[in-house]
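**Q** Pasting a structure below so you can have a look.
6 protein chains.
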Amino acid sequence: MSALQQSHAVSRFPVPSLEQMPEDIRGRILAVQEKSGFVPNVFLALAHRPDEFRAFFAYHDALMEKDSGLTKAEREMIVVATSGANNCHYCVVAHGAILRIRAKSAHVADQVAINHRKADITPRQCAMLDFAMKVALDARNVADADFEALRGHGFTDEDIWDIAAVAAFFALSNRMANFTSMRPNDEFYLMGRLPKEKSK
Amino acid sequence: MSALQQSHAVSRFPVPSLEQMPEDIRGRILAVQEKSGFVPNVFLALAHRPDEFRAFFAYHDALMEKDSGLTKAEREMIVVATSGANNCHYCVVAHGAILRIRAKSAHVADQVAINHRKADITPRQCAMLDFAMKVALDARNVADADFEALRGHGFTDEDIWDIAAVAAFFALSNRMANFTSMRPNDEFYLMGRLPKEKSK
Amino acid sequence: MSALQQSHAVSRFPVPSLEQMPEDIRGRILAVQEKSGFVPNVFLALAHRPDEFRAFFAYHDALMEKDSGLTKAEREMIVVATSGANNCHYCVVAHGAILRIRAKSAHVADQVAINHRKADITPRQCAMLDFAMKVALDARNVADADFEALRGHGFTDEDIWDIAAVAAFFALSNRMANFTSMRPNDEFYLMGRLPKEKSK
Amino acid sequence: MSALQQSHAVSRFPVPSLEQMPEDIRGRILAVQEKSGFVPNVFLALAHRPDEFRAFFAYHDALMEKDSGLTKAEREMIVVATSGANNCHYCVVAHGAILRIRAKSAHVADQVAINHRKADITPRQCAMLDFAMKVALDARNVADADFEALRGHGFTDEDIWDIAAVAAFFALSNRMANFTSMRPNDEFYLMGRLPKEKSK
Amino acid sequence: MSALQQSHAVSRFPVPSLEQMPEDIRGRILAVQEKSGFVPNVFLALAHRPDEFRAFFAYHDALMEKDSGLTKAEREMIVVATSGANNCHYCVVAHGAILRIRAKSAHVADQVAINHRKADITPRQCAMLDFAMKVALDARNVADADFEALRGHGFTDEDIWDIAAVAAFFALSNRMANFTSMRPNDEFYLMGRLPKEKSK
Amino acid sequence: MSALQQSHAVSRFPVPSLEQMPEDIRGRILAVQEKSGFVPNVFLALAHRPDEFRAFFAYHDALMEKDSGLTKAEREMIVVATSGANNCHYCVVAHGAILRIRAKSAHVADQVAINHRKADITPRQCAMLDFAMKVALDARNVADADFEALRGHGFTDEDIWDIAAVAAFFALSNRMANFTSMRPNDEFYLMGRLPKEKSK
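Chains as they are written, first to last, in our numbering: chain A, 1 to 200; chain B, 1 to 200; chain C, 1 to 200; chain D, 1 to 200; chain E, 1 to 200; chain F, 1 to 200.
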């Protein structure tokens, strides 16, 4: 397979057909397809390993779907900023799309992916991303002063856990996507960029 | 001025009105507006310093508008990849738009900005970007072996100069944009992402 | 609470009592205690978030307990080497103990934690750790050549996934442990260091 | 051509003879020769590309020759410090000579090239160089606090632009010199080091 | 010699027999053996170069054996922390053993080697190690503010010299050990880990 | 004492007078003064600690004064290149002077201090400096392949020890000089730069 062809594959590894998947995984994938209109490639790529698939999405949902002091858009900001720092093509494109939808903003994802300090976000969100980047890139030096700074912006300790846990989970996710050369679906690139979508 | 307001400004520095600008600079800006339908903010931000404006755009045009063994799309790839590495919000967004238009590809700019090694580009273009990144980030170690590798992909020595010179010029440009907090125009974000635009 | 006192806590965050834990989590913890003679602090620290606890250990078991082309000792080598690179005190001490037991070697954990290239391991294991370190520290640049090098040492593609997935999972784990200042149990420091233990 | 011979060449690329140069470029070069007694190799190396030559020196003069709140010696300090950080042999040697002349100091160039924090400069100049180094090496993180620190040393916003613009321009220049293996003229090494020269 | 065999050698370089050593070096080695019960491999590896051996241990003793405002345990903490940062297998294992003995602590060496900011040490000791790490990794930026911070913890200027000099000496030692692939003696791994040893 | 005054001091620490020094140290210093015409400040700064002074110069002489497969000029190249990489103002200026004298070259020191890959040195010397830089900056990764590369240039294993040991010793020296803000004597800056000196 040529380099060009390979680059269009979902993953370096085999992707099972729906028929080959365990029942629960097929079910989850069909549900996503019904809701979104397509199956994000991360579901297909990780279905190669059913037990890891189950744990991965259980972890994802525990962080990204639950109630939190952080909005869902803010959690996606953390994903996009740290995935940019990790040069993870899949996560920047796919979660950039989700961030645009959730933040009802056509521009914030591109801003945060490149340099969150130049983004149209609040000072509180900037502090949130500063900390997320420290967890992503320099967790060894996380210290009391980091907690104090976040509390000064109104974050509770539970919020701080949420920030760190999202950054930590995507440290895993970014490495899996880069390692498997996971390819983002074409659909993601344009999602949330057009005015009409915002009113959804 | 609040942080949020400031982030919507074109630049940290004053921007002259058209009336305040020297004749030649006003002329260039009006010509760009007529062609593009808007004035990219880099023209406004740099108009604060007319002599630097003139040299900047003369240099830009000498590299980006001339005939070259590199296509215009390839030169924009170099801009986007190195601007991503330098976390330059303005250049990634503005030149990402130009790259989409010139490459007639809705996706390549986002790919190259995050990780050119995962992008849908040819091996020759990947080698071109590997070298551009070395010039951008580690020019001290450019050596004969780099030239040999590029010649192996069919690049002439003049092509190699072009690759390096574009990367070097945007080393300057990225620093000016980050230093002035130059803000990309809203128009850039969507340019080249819609199917109909491709047929332009 | 003084810095010294704090440093003896299991975690920066509250740790639930056994009575406060959901049934399944309490059950897992009691089972670990019965088998090991003590409860590793990671179970207590993560019990603060039951859903994340469940996903974390499901992921852990899917990688570390399953059959694999890598021995359990080799998987622990990956944990210890990458946790050393991430300066994760908890994981180096706790998994260093497990590695000593599983490799029946009193010395290999300290060697691998500091510099795997000076460790008493086989060239195949050294290649495995070179790749794990690349996934941990530079996943953006994982490329075909890395796969080829590992295949040259007899690793299958499924083995390579296992190497990468263990490194990626502990990228998450190291960040959570550093963020929560998770403290390793005193028991770990001496485990597997005495001759009689080896014959267990 | 042997490595040693090559290392004595002006540039990796062909250098045109005076006769081959466009009139304006030949004129500039002859004027420099008359004033300095020799032609700095940067003029010869860049003459390979006349349009880039013109833009390069127009930019250079716009920054280095104009009136500014920074003395010419201070602007050369910025060049030497950032060129040292970029390991640019040509610019450290050539602009080190100019700095010695302009600062009337035989020692400051060597000091600033190696470690400006150990140099015999004023605290204001040290702050200037701290900022120039941030623009050269970490422009993504330039922030309001950097501007405040400089204003505290009496720099105006226009002075701050000058500092940043000189650092940014030599980011370009250092990359071109390293890429072309541009060789400094022998004359530069000793210029400004002898007591009599200071009284010129 | 295979990679595995080589990894069990004391050094990449020849090690002289006792008979081959100059009288003073043999005497020192026999004295160490009598006191410790074995000869640490650093004595054997460096005996390959008698003059360097003499200077090395004279320097070592001048720093580590003299009276100082730092306890001997504190000086060993500096060795272990900076040797961990330099990934020096020999020094972390050998001096980790000495630190355990001198600090009468079975755990502090493993903690300090991996991440001194998570170690069971006093804030004063943490400040000492912060500075030692700066000397080890970033000496170019040592500044007045570092001295002020240490004085705030009660360190005299002579104590500060001691901290820096120990870090600087082991910058040398770590490089020699890594370069020669110096192998720590098996005896070191367990030293100071058992309760009875503490009462020695 | 102002920042400017301080910057002219020999060291941050007290410097003893000749009368205050132990006999042997005073003797060495007087001998140096007689030979060189001045006392290099490193002798004065380290005389603050007589035992460290003695060990330091014994180590220095064991490496720099002995017979070796490396010329004295080559050993000074190693000092200047690694001291440049460590941003050590004292060592670059002082040993740059010695290198100019020993290599009978007015230019090589400035070249090697900034970027040895652009210096007028032989391929063998370039390989020597590549290895010295690896010992200085990345000793953890020194491996068999490095030895093979050097043997390919005709270096014996004893020569390789010499290269590494000089780089390692100046890792110590650079840290002491940066920590003490050791100031190079004015005499060094011009030494070896004038044609007549070469014929000495």
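Beta carbons: idealized from backbone N, C-alpha and C, even for Gly.
Decide if D67 (chain D) is buried, meaning its Cβ has at least 16 other Cβ atoms within 10 Å, or exposed.
**A** Working through the fourth sequence from its first residue, we reach residue 67 (chain D) at position 67. D67 (chain D) is exposed by the Cβ-count criterion.
**Q** Below 6 Å CB to CB, which residues in the same chain sit around A97 (chain C) once its five sequence neighbours on both sides are set aside?
**A** Position 97 of the third sequence, counting from 1, holds the residue named residue 97 (chain C). Excluding sequence neighbours, A97 (chain C) sits near F188, M191 and G192.
**Q** Where does L18 (chain B) land, buried or exposed, given buried means 16+ other C-beta within 10 angstroms?
**A** On the second sequence, residue 18 (chain B) is found 18 positions in, with the first residue counted as 1. Exposed, because fewer than 16 other Cβ atoms sit within 10 Å of the Cβ of L18 (chain B).
**Q** At 8 Å on the CB atoms, spell out the chain D contacts of M176 (chain B), in chain order.
**A** Start at 1 with the first residue of the second sequence, and residue 176 (chain B) comes out as number 176. Going along chain D in sequence order, the residues near M176 (chain B) (Cβ under 8 Å) are A164, A165 and A168.
**Q** With a threshold of 16 other CB atoms inside 10 Å of the CB of P40 (chain D), please say whether the residue is buried or exposed.
**A** As a working mapping, residue 40 (chain D) is identified with position 40 in the fourth sequence. Buried, since its Cβ has 16 or more Cβ neighbours within 10 Å.
**Q** Taking only three categories from DSSP, how would you classify E74 (chain B)?
**A** Looking up residue 74 (chain B) in the second sequence gives position 74. Residue state, collapsed to three classes: helix.
**Q** How many Å lie between E74 (chain F) and A85 (chain C) at the Cα?
**A** To locate residue 74 (chain F), count along the sixth sequence from 1; it is residue 74. To locate residue 85 (chain C), count along the third sequence from 1; it is residue 85. Going by the C-alpha atoms only, they are around 35 Å apart.
**Q** Strictly below 8 Å CB to CB, what residues from chain E border G84 (chain C)?
**A** The residue labelled residue 84 (chain C) in the question sits at position 84 within the third sequence. Correct list: I114.
**Q** From A81 (chain B) to K134 (chain B), what distance separates their C-alpha atoms?
**A** Reading the second sequence from its first residue, position 81 is the one you call residue 81 (chain B). Reading the second sequence from its first residue, position 134 is the one you call residue 134 (chain B). Answer to the nearest angstrom: the Cα atoms are 11 Å apart.
**Q** From L63 (chain B) to D51 (chain D), what does the alpha carbon distance come to, in whole angstroms?
**A** Translated into the one-based positions of the second sequence, residue 63 (chain B) becomes position 63. Translated into the one-based positions of the fourth sequence, residue 51 (chain D) becomes position 51. In a straight line, the C-alpha of L63 (chain B) is about 9 Å away from that of D51 (chain D).
**Q** First and last residue of the alpha helix (DSSP H) that includes V93 (chain F)?
**A** Position 93 of the sixth sequence, counted from the start, is the residue given in the question as residue 93 (chain F). Run containing V93 (chain F): H89 to A103, per the alpha helix (DSSP H) assignment.
**Q** Under the three-state reduction of DSSP, which class applies to L194 (chain D): helix, strand or coil?
**A** The residue you call residue 194 (chain D) lines up with position 194 of the fourth sequence. Coil.
**Q** Report the residues of the region 136-149 of chain E with a CB closer than 7 Å to any CB of chain F, ordered along the chain.
**A** Listed by position, the residues of the region 136-149 of chain E near chain F (Cβ gap below 7 Å) are A139, R140 and V142.
**Q** In this structure, how does DSSP classify N141 (chain F) when only helix, strand and coil are distinguished?
**A** Indexing the sixth sequence from 1 puts residue 141 (chain F) at position 141. Helix, per DSSP.
**Q** In chain B, which residues lie less than 8 Å from R117 (chain F) when you measure between Cβ atoms?
**A** Indexing the sixth sequence from 1 puts residue 117 (chain F) at position 117. Those within 8 Å of R117 (chain F) in chain B are R140, N141 and A143.
**Q** May I ask you to report which of helix, strand or coil DSSP gives G37 (chain B)?
**A** Taking the second sequence and counting its residues from 1, one reaches residue 37 (chain B) at position 37. The answer is coil: DSSP assigns G37 (chain B) none of H, G, I, E or B.
**Q** Are there three or more Cβ pairs, one per stretch, closer than 8 Å when the region 117-134 of chain E is compared with the region 157-175 of chain E?
**A** Contact holds: three or more Cβ-Cβ distances are below 8 Å.
**Q** Show which residues of chain E have a CB atom less than 9 Å away from the CB atom of H107 (chain C).
**A** The residue given as residue 107 (chain C) occupies position 107 in the third sequence. Those within 9 Å of H107 (chain C) in chain E are V93, P184, D186 and Y189.
**Q** Is V10 (chain D) helix, strand or coil by DSSP?
**A** Along the fourth sequence, one-based indexing puts residue 10 (chain D) at 10. It is coil, neither helix nor strand.
**Q** Sort D:D110, D:C88, D:R124 and D:A55 by Cα distance to T180 (chain D) and report the nearest one.
**A** Sequence index remark: in the fourth sequence, residue 180 (chain D) carries index 180 (1-based). Checking every option, the nearest Cα to that of T180 (chain D) belongs to D:C88.
**Q** Among A:A168, A:D186 and A:E23, which has the Cα closest to the Cα of S83 (chain A)?
**A** Locating residue 83 (chain A) in the first sequence gives position 83, counting from the first residue. Selected option, being the one with the closest Cα: A:A168.
**Q** Quick check: the Cα distance between G152 (chain D) and R124 (chain D), rounded to an integer number of angstroms?
**A** In the fourth sequence, the residue the question calls residue 152 (chain D) occupies position 152. In the fourth sequence, the residue the question calls residue 124 (chain D) occupies position 124. Distance between the alpha carbons of G152 (chain D) and R124 (chain D) is about 9 Å.
**Q** Assuming contact is defined by CB atoms lying nearer than 7 Å, are A177 (chain F) and R175 (chain E) in contact in what I supplied?
**A** In the sixth sequence, counting from the first residue as 1, residue 177 (chain F) sits at position 177. In the fifth sequence, counting from the first residue as 1, residue 175 (chain E) sits at position 175. Against a cut-off of 7 Å, the Cβ pair of R175 (chain E) and A177 (chain F) comes out as no contact.
**Q** Cβ of I114 (chain B) within 7 Å of Cβ of V10 (chain A)?
**A** Position 114 of the second sequence, counted from the start, is the residue given in the question as residue 114 (chain B). Position 10 of the first sequence, counted from the start, is the residue given in the question as residue 10 (chain A). Result no, Cβ atoms of I114 (chain B) and V10 (chain A) do not sit closer than 7 Å.
**Q** Please list the partners that S181 (chain F) has in chain D, where partner means a Cβ-to-Cβ separation under 8 Å.
**A** Taking the first residue of the sixth sequence as 1, we reach residue 181 (chain F) at position 181. K118, listed in chain order.
**Q** Could you confirm whether any beta carbon from chain E is found closer than 7 Å to the beta carbon of H89 (chain C)?
**A** Numbered from its first residue, the third sequence carries residue 89 (chain C) at position 89. Closer than 7 Å to some Cβ of chain E, the Cβ of H89 (chain C) qualifies, so yes.
**Q** Output yes or no for whether 7 Å exceeds the beta carbon distance between E76 (chain E) and L44 (chain E).
**A** What you label residue 76 (chain E) is simply residue 76 of the fifth sequence in a count that begins at 1. What you label residue 44 (chain E) is simply residue 44 of the fifth sequence in a count that begins at 1. Taking 7 Å as the Cβ cut-off, E76 (chain E) and L44 (chain E) do not qualify as a contacting pair.
**Q** State the CB to CB distance for the pair A47 (chain B) and V79 (chain B), rounded to an integer number of angstroms; the pair is presumed to be in contact (CB under 8 Å).
**A** Here residue 47 (chain B) refers to the residue found at position 47 of the second sequence. Here residue 79 (chain B) refers to the residue found at position 79 of the second sequence. That belief does not hold up - the Cβ atoms of A47 (chain B) and V79 (chain B) are roughly 21 Å apart, past 8 Å.
**Q** Is R54 (chain F) close to chain D, meaning its C-beta is less than 7 Å from at least one C-beta of that chain?
**A** What you label residue 54 (chain F) is simply residue 54 of the sixth sequence in a count that begins at 1. Output row for R54 (chain F): interface = no.
**Q** In terms of residue numbering, what span does the alpha helix (DSSP H) encompassing Q20 (chain C) cover?
**A** Residue mapping note: residue 20 (chain C) aligns to position 20 of the third sequence, counting from 1. Element bounds for Q20 (chain C): n/a, residue is neither H nor E.
**Q** What is the C-beta distance between G69 (chain A) and T156 (chain A), in whole angstroms, given that I count them as a contact (C-beta under 8 Å)?
**A** Locating residue 69 (chain A) in the first sequence gives position 69, counting from the first residue. Locating residue 156 (chain A) in the first sequence gives position 156, counting from the first residue. Contact holds; Cβ gap of about 6 Å.
**Q** Examine chain D for any beta-carbon lying closer than 7 Å to the beta-carbon of D51 (chain B), and answer yes or no.
**A** The residue given as residue 51 (chain B) occupies position 51 in the second sequence. It does; some Cβ of chain D falls within 7 Å.
**Q** Any C-beta of chain E sitting closer than 7 Å to the C-beta of S11 (chain D)?
**A** Along the fourth sequence, one-based indexing puts residue 11 (chain D) at 11. Judged by the 7 Å Cβ criterion, S11 (chain D) is not in contact with chain E.
**Q** List the endpoints of the continuous alpha helix (DSSP H) containing F56 (chain A).
**A** As a first step, residue 56 (chain A) must be located in the first sequence, where it is residue number 56. P50 to M64 is the extent of the alpha helix (DSSP H) around F56 (chain A).
**Q** For Q111 (chain E), go through chain C and note every residue whose CB falls closer than 7 Å to its CB, in chain order.
**A** Counting from one through the fifth sequence, the residue named residue 111 (chain E) turns up at place 111. H89, listed in chain order.
**Q** Starting from S173 (chain C), trace the alpha helix (DSSP H) both ways and give me its first and last residue.
**A** Stepping through the third sequence from its first residue, residue 173 (chain C) is reached at position 173. It spans D157 to T180 - the alpha helix (DSSP H) in which S173 (chain C) sits, taken as one unbroken run.
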